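Written out below as structure tokens is the structure these notes cover.
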Amino acid sequence: MLDGAVRKRLDPILNRLGAALATRGLGADAITICGLCLGLAAAVLIARHYYLAGAALILLSRLCDGLDGAVARATRKTDFGGFLDIVLDFAFYGAIPLAFIVADPAMNGLAGGLLLFAFYVNGSSFLAFAVIAEKRALSTEIRGAKSLYFTTGLAEATETIAFFLAACLLPAWFPPLAVIFAAVCLYTALSRIVLARLTFRDGQ
419 MLDGAVRKRL DPILNRLGAA LATRGLGADA ITICGLCLGL AAAVLIARHY YLAGAALILL
479 SRLCDGLDGA VARATRKTDF GGFLDIVLDF AFYGAIPLAF IVADPAMNGL AGGLLLFAFY
539 VNGSSFLAFA VIAEKRALST EIRGAKSLYF TTGLAEATET IAFFLAACLL PAWFPPLAVI
599 FAAVCLYTAL SRIVLARLTF RDGQ
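Residues in the sequence shown are numbered from 419 upward in steps of one, following the numbering used here.
Have a look at this one:
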């Protein structure tokens, strides 16, 4: 929901940084992989109860997630780059809730499991919509030029990162925060199903 407003502010900065990195020969795929490594390191720190350090690495990881696209735009976008970006993003999004479960299984296990379920459902609705949209030659640049069809929703990247940071700042509040955000993710998936029903009607 907030990604559009955030992108308007950040994209000009990221594009300048991406162009500068591209001139130095740094590739988009390398930045994507670096972002995942930072995200996994954040998960390890969170699992070991270093929540503030984990939050810092989450921010650095997502900076890489913005920079890889900027570098790709400054050089050449590839299908593999788009594929790698989305797969490693999903790996990051799964690693952080898992880290909170590992940090305190008794307190966070059920809520964390519910959140991972909601991420799974929401992610599958996003990818399934993109597959059918590609089949029907649909396109959108509502979130900028992407390698696959992006549908918006109540729970997008900005909201997810805000939730992760809030959980790091208030780790004792992870269970209620996770349940609330799981509900938001499931609502987003449901709204995407409704959108698919309206968009993919046979004969239209």
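We put the CB at the ideal spot given by N, CA and C, even for glycine. Quick caveat: nothing in here was measured; it's all calculated off a predicted structure.
Tell me which same chain residues have a C-beta within less than 7 Å of the C-beta of residue i, skipping the five on either side of it?
i: LEU584; result: Residue 584 is actually Ala in this sequence, not Leu. Hits under 7 Å: LEU595.
i: ALA536; result: ALA600, CYS603 and LEU604
i: LEU478; result: LEU456
i: CYS452; result: CYS482
i: HIS467; result: ALA521
i: ALA607; result: VAL539, ASN540 and SER543
Closer than 6 Å by C-beta to residue i: which residues in its own chain qualify, once you throw out the five before and the five after it? Chain order, please.
i: ALA461; result: ALA513, ILE514 and ALA517
i: GLY527; result: ILE519
i: ASN433; result: ALA488
Does the beta-carbon of residue i have 16 or more other beta-carbons within 10 angstroms, so that it is buried, or is it exposed?
i: PRO593; result: buried
i: SER543; result: buried
i: GLY499; result: buried
i: ASP507; result: buried
i: ARG388; result: Summary: the structure shown does not reach residue 388, with the chain confined to residues 419 through 622, and so no result is reported for it.
i: PRO589; result: buried
i: ASP503; result: buried
i: PHE582; result: buried
i: LEU545; result: exposed
i: LEU470; result: exposed
i: LEU439; result: buried
i: ALA555; result: exposed
i: GLY472; result: buried
i: GLY443; result: exposed
i: ALA524; result: exposed
i: ALA529; result: buried
With residue i and residue j assumed to form a contact (beta carbons below 8 Å), what rounded beta-carbon distance in angstroms separates them?
i: LEU532; j: VAL602; result: Going by Cβ atoms, the distance from LEU532 to VAL602 rounds to 12 Å, so no, they are not a contact pair.
i: LEU492; j: ALA437; result: Leu is not the amino acid found at residue 492; the sequence shown has Ala there. With a Cβ gap of about 4 Å, ALA492 and ALA437 count as contacting.
i: LEU475; j: LEU456; result: 5 Å
i: ALA509; j: ILE464; result: Actually they are not in contact, since the Cβ atoms of ALA509 and ILE464 sit about 15 Å apart, beyond 8 Å.
i: THR450; j: ASP497; result: Contact flag wrong, Cβ pair sits at about 14 Å.
i: GLY484; j: LEU428; result: 6 Å
Give every residue of the same chain whose Cβ lies closer than 8 Å to the Cβ of residue i, excluding the five residues on either side of it in the sequence, and list them in chain order.
i: TYR511; result: PHE537, GLY541 and THR578
i: TRP591; result: ALA584 and ALA585
i: ARG494; result: none
i: GLY445; result: VAL489 and THR493
Does any residue of chain C have a CB that is nearer than 8 Å to the CB of residue i?
i: THR496; result: Note that chain C does not occur in the displayed structure, where there is just one protein chain.
Unbroken stretches of the alpha helix (DSSP H), 4 residues or longer, contained in the region 446-514: 446-465 and 469-492
Length at least 4, wholly inside the region 564-605: the alpha helix (DSSP H) runs in chain order: 575-587
3-residue-minimum beta strand (DSSP E) runs that sit fully inside the region 516-544, ordered along the chain: none
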